[in-house]
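Each step along the sequence shown adds one to the number in numbering that gives the first Met the number 0, with nothing skipped, and position 542 is 541. The structure appears right after this line, and notes come after that.
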Amino acid sequence: MSEQYDWVLATDVEGRSRHFASAALPVTVGGEADADIVLPGVRGEAQFGQLEGVFFVQPGRGTRNLRLDGELVTGSRKLADGAVVALDTARITCRIDAGRLHLQIVPGATAGDTAPPDLEELARAGDAAPDVEITPIAFKPGVAGAGTGRRRPSKTAVATGAAFAVLAVLAWFAFTAKSVRLELTPAPTELSLPGTLFKVKVGDRYLLRPGTHRVTATAPGYYPLDTRIEVGPAGDQTIQLAFTKLPGLITLGTDPEVGAEVRVDGEPIGRTPLADVEITPGRHRLEFAAERYLPEVVELDVQGGHERQNVTASLTPSWAPVTVVTEPPGAEVLVDGVPQGRTPLEAEITAGERQVEVRLAGYNAWQSKLTVIAGQRQELPPITLQPADGRIELVTVPSEASVAVNGEFRGRTPLTLTLRPGRTHRVTLAKPGYETAVRELSVEADSGRRLEIELTALYGEVDVQSEPAGAEVWVDGRREAATPAKLTLSAVEHEIEVRLDGHAPRSQKITPRPGYPQRLSFTLEALDDSTGSGYPPVVRTSLGQELRLVPAGRFLMGSSRREQGRRSNEVLKPVQISKAFYLGVREVTNAEFRRFMADHDSGDFAGLSLDDDAQPVVRVTWEDAARFLNWLSIQDGLQPVYEERQGTWVPIRPLRNGYRLPTEAEWEWAARYAGGDTPTVYPWGDELPPPDRSGNYADLSAREVLQGTLVTYTDGFPVSAPSGSFPANALGIHDLGGNVAEWVQDYYEIETNPPSEAVVDPLGPETGRFHVVRGSSWRSYTITELRLAYRDYSGEAREDIGFRIARNLE
Numbered sequence: 000m001s002e003q004y005d006w007v008l009a010t011d012v013e014g015r016s017r018h019f020a021s022a023a024l025p026v027t028v029g030g031e032a033d034a035d036i037v038l039p040g041v042r043g044e045a046q047f048g049q050l051e052g053v054f055f056v057q058p059g060r061g062t063r064n065l066r067l068d069g070e071l072v073t074g075s076r077k078l079a080d081g082a083v084v085a086l087d088t089a090r091i092t093c094r095i096d097a098g099r100l101h102l103q104i105v106p107g108a109t110a111g112d113t114a115p116p117d118l119e120e121l122a123r124a125g126d127a128a129p130d131v132e133i134t135p136i137a138f139k140p141g142v143a144g145a146g147t148g149r150r151r152p153s154k155t156a157v158a159t160g161a162a163f164a165v166l167a168v169l170a171w172f173a174f175t176a177k178s179v180r181l182e183l184t185p186a187p188t189e190l191s192l193p194g195t196l197f198k199v200k201v202g203d204r205y206l207l208r209p210g211t212h213r214v215t216a217t218a219p220g221y222y223p224l225d226t227r228i229e230v231g232p233a234g235d236q237t238i239q240l241a242f243t244k245l246p247g248l249i250t251l252g253t254d255p256e257v258g259a260e261v262r263v264d265g266e267p268i269g270r271t272p273l274a275d276v277e278i279t280p281g282r283h284r285l286e287f288a289a290e291r292y293l294p295e296v297v298e299l300d301v302q303g304g305h306e307r308q309n310v311t312a313s314l315t316p317s318w319a320p321v322t323v324v325t326e327p328p329g330a331e332v333l334v335d336g337v338p339q340g341r342t343p344l345e346a347e348i349t350a351g352e353r354q355v356e357v358r359l360a361g362y363n364a365w366q367s368k369l370t371v372i373a374g375q376r377q378e379l380p381p382i383t384l385q386p387a388d389g390r391i392e393l394v395t396v397p398s399e400a401s402v403a404v405n406g407e408f409r410g411r412t413p414l415t416l417t418l419r420p421g422r423t424h425r426v427t428l429a430k431p432g433y434e435t436a437v438r439e440l441s442v443e444a445d446s447g448r449r450l451e452i453e454l455t456a457l458y459g460e461v462d463v464q465s466e467p468a469g470a471e472v473w474v475d476g477r478r479e480a481a482t483p484a485k486l487t488l489s490a491v492e493h494e495i496e497v498r499l500d501g502h503a504p505r506s507q508k509i510t511p512r513p514g515y516p517q518r519l520s521f522t523l524e525a526l527d528d529s530t531g532s533g534y535p536p537v538v539r540t541s542l543g544q545e546l547r548l549v550p551a552g553r554f555l556m557g558s559s560r561r562e563q564g565r566r567s568n569e570v571l572k573p574v575q576i577s578k579a580f581y582l583g584v585r586e587v588t589n590a591e592f593r594r595f596m597a598d599h600d601s602g603d604f605a606g607l608s609l610d611d612d613a614q615p616v617v618r619v620t621w622e623d624a625a626r627f628l629n630w631l632s633i634q635d636g637l638q639p640v641y642e643e644r645q646g647t648w649v650p651i652r653p654l655r656n657g658y659r660l661p662t663e664a665e666w667e668w669a670a671r672y673a674g675g676d677t678p679t680v681y682p683w684g685d686e687l688p689p690p691d692r693s694g695n696y697a698d699l700s701a702r703e704v705l706q707g708t709l710v711t712y713t714d715g716f717p718v719s720a721p722s723g724s725f726p727a728n729a730l731g732i733h734d735l736g737g738n739v740a741e742w743v744q745d746y747y748e749i750e751t752n753p754p755s756e757a758v759v760d761p762l763g764p765e766t767g768r769f770h771v772v773r774g775s776s777w778r779s780y781t782i783t784e785l786r787l788a789y790r791d792y793s794g795e796a797r798e799d800i801g802f803r804i805a806r807n808l809e
């Protein structure tokens with residue numbers, strides 16, 4: 000029995016075997032000395048590999064005797080489970096299991112392994128062999144067994160063997176060939192199968208072996224056909240093929256011949272006349288466009304097959320003749336600003352609404368709108384030109400005086416007036432704070448002159464008083480005097496402002512009245528940076544955000560150890576806020592933040608949007624908030640609070656007057672005390688549960704998207720709500736509890752030795768890794784998180800952290 004080997008690719012087995020990982024593929028089997036598996040005495044080699052999970056076999060260097068399941072292999076062939084590969088005298092059985100290839104190799108093949116002959120290969124060999132000439136020779140019987148030499152085969156024997164071989168080939172061809180009918184539309188004048196050596200035509204059918212065959216054919220009026228067909232395993236087959244028709248040859252022109260631009264199905268092809276333009280068969284839209292003619296569209300069925308067709312488009316003029324006559328004659332006629340000639344005139348004017356102007360020196364220009372209809376002649380009524388108006392360039396000191404001529408408003412100075420000659424015109428000039436001036440004017444035709452009139456100002460007296468006295472008096476932004484002051488001002492509206500150090504400025508608008516003295520009295524309020532007295536209760540940013548005044552105060556920051564839900568980082572310590580400050584009424588929204596960073600996206604949570612314009616901005620880092628506040632400070636002419644140091648954004652100490660984040664102490668003072676003497680535990684009060692719609696927390700509407708919720712509470716928002724949707728606290732500030740948690744200024748730390756004396760305006764540590772986050776959010780539902788004393792921290796952006804704006808009084 001032949002020696003047997005086991006070859007396993009990418010698996011482990013017992014017995015005589017070789018193991019090859021996928022990285023080692025392709026693997027070579029054969030008689031060459033450098034093959035991965037050497038088979039002594041075997042000619043040629045086979046390569047086994049894998050591509051995109053499919054195993055294949057292909058011949059190695061110079062190999063012509065490789066067969067797969069009896070068919071000659073000339074390229075790469077896919078392997079199936081159970082396939083048999085014959086390489087010279089060796090037989091290789093392929094087994095595929097769980098993505099692994101197992102090859103069983105038998106070096107010596109038996110007669111049963113002989114592959115069927117390759118007919119085309121035999122045919123090529125037969126074509127290359129020289130013709131054998133068979134001639135008679137003398138024959139003399141010999142004695143049986145005589146002679147010791149080996150007898151050579153006779154020419155007859157050779158010829159007989161060759162004949163049998165040819166018969167075997169023909170028998171094999173008859174057994175394996177398939178009946179194929181080629182149906183071509185239209186019927187070809189010539190048809191051939193170049194490259195197919197074995198083919199037999201029987202009637203309208205061909206006997207062809209399975210595989211790929213090239214078909215060429217010709218038919219008049221069509222492109223030559225050159226394609227490949229695939230003959231399958233079925234015994235009787237019909238393959239349909241179709242010619243592609245040649246384009247038609249189209250000649251294009253217009254009547255009249257005007258050089259029209261032509262488009263075929265919207266694509267420009269040139270200007271008429273055009274001869275023998277190739278257009279594909281079928282229905283096409285031809286468009287003809289020429290200056291001063293209406294567009295023309297022609298639908299054309301192109302026959303194709305190089306048949307010639309002529310198309311002439313009849314163009315309709317897009318203009319009409321218009322006659323213009325004037326008295327006196329010789330006037331220039333312009334249509335839409337383009338000169339056409341002088342009257343009397345017949346002009347060809349393009350259809351549509353046109354502006355017609357007639358000019359003649361010494362006469363007023365005549366203008367009119369004219370609707371021209373293509374092909375429809377028009378004759379304008381005779382035009383009587385009027386002698387030219389006189390012109391006056393009217394200037395007043397000061398300017399911007401209203402001008403009326405004969406009671407009709409004409410504009411404001413400086414102004415060029417046109418007046419009819421030969422008559423007197425009444426010109427009236429008026430300006431608030433000045434006496435009205437009236438002039439009687441007459442002009443000559445086509446004349447021009449300059450008239451400058453100085454208006455007489457009107458004045459009134461204003462007595463300005465202040466309590467306390469000595470305040471500076473500013474009029475329209477200019478310092479004029481100190482209170483008490485008597486001012487003589489022009490009789491127009493003025494803004495009067497009084498300023499005194501340590502007091503809030505006051506202002507008022509007034510219009511002095513000539514002959515009627517007026518008095519303004521101001522009571523100035525002393526500024527108190529602790530209570531905020533004298534400062535505006537509300538200021539606004541350039542984005543329209545409101546910041547409300549929060550007075551200073553002293554309080555106990557943190558929470559008692561007895562408070563339910565308390566955490567160890569809520570250390571009690573006395574704090575004093577020494578100066579009032581401003582705090583944003585609402586959290587910064589997506590729309591406001593996108594004014595700074597247009598491409599910011601707050602995203603969504605569980606498919607619910609967090610990115611609507613009115614929702615608070617989230618997924619911003621502390622540094623993003625600092626950069627936004629610096630940008631807004633610069634927009635509003637304030638000093639930026641933050642600067643970048645060694646790649647980290649930090650506040651400049653002492654804090655500047657620009658926009659910033661509130662300090663942790665300011666946030667807790669505004670949230671917990673809200674103008675009272677004792678802190679509240681929760682944003683709504685001191686007891687649970689919260690009243691419905693008192694804030695945005697993890698409520699019943701969020702039970703589908705959050706793991707934990709308040710079981711009896713409803714606010715109607717499963718994620719963040721529009722900023723300011725819920726009631727404000729006693730200071731008028733919204734969402735200090737709920738909606739989104741908020742970045743504050745301070746670095747995070749836990750104090751181990753809290754001070755006994757009050758800390759004044761604490762800013763927190765100067766360095767740190769994390770920043771403090773204060774306030775609950777739409778995700779909060781536990782007692783710990785809902786409390787106003789709750790402290791969190793973060794170094795990254797989150798879907799429930801936003802921020803609000805703060806700033807100093809000055």
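For each residue, glycine too, the CB sits at the ideal point set by N, CA and C. The structure displayed is predicted, hence computed values, not measured ones.
List the endpoints of the continuous alpha helix (DSSP H) containing residue i.
i	result
R626	621 to 634
E663	663 to 667
N589	589 to 593
Output needed for residue i: all residues of its chain with C-beta closer than 7 Å, excluding positions within five of it in sequence on either side, in chain order.
i	result
Y819	Past the boundaries of the shown model lies residue 819; the chain is included only from 0 to 809, so the question cannot be answered.
T188	T217, A218, P219
Per DSSP, which residues does residue i bridge with? Please list them.
i	result
M556	K572
H733	H733 is not bridged to any residue.
W742	V772
L207	K177, K198
R227	R213
T522	E466
Q239	E182
Distance, Cα to Cα, residue i vs residue j?
i	j	result
V297	T217	33 Å
Y515	V474	19 Å
G234	L240	19 Å
L730	E586	15 Å
R477	H493	11 Å
T588	Y780	24 Å
P209	P25	29 Å
G447	Q377	38 Å
K368	Q354	5 Å
F242	E182	11 Å
Y433	G469	32 Å
Sorted by chain position, which residues of the same chain lie with C-beta nearer than 6 Å to residue i's C-beta, five sequence neighbours on each side aside?
i	result
P535	none
T311	G252, D254
Y205	V179, K198
D734	E586
V743	L660, P661, E663, W666, V771, R773
Quick one, are the C-beta atoms of residue i and residue j less than 8 Å apart?
i	j	result
L344	V371	no
V497	T482	yes
V619	L628	no
L785	Y681	yes
L519	H502	no
V261	L273	yes
A805	F580	yes
S465	K430	no
L71	V56	no
D610	D603	yes
Q634	G583	no
Looking only at its own chain, which residues have a Cβ that is under 8 Å from the Cβ of residue i, when we skip the five neighbours before and after it?
i	result
P193	R213, T215
Y221	P185, F242, T243, K244, L245, G304
Provide the residue span of the beta strand (DSSP E) that contains residue i, from first to last.
i	result
E277	273 to 278
E51	No beta strand (DSSP E) holds E51; DSSP gives it neither H nor E.
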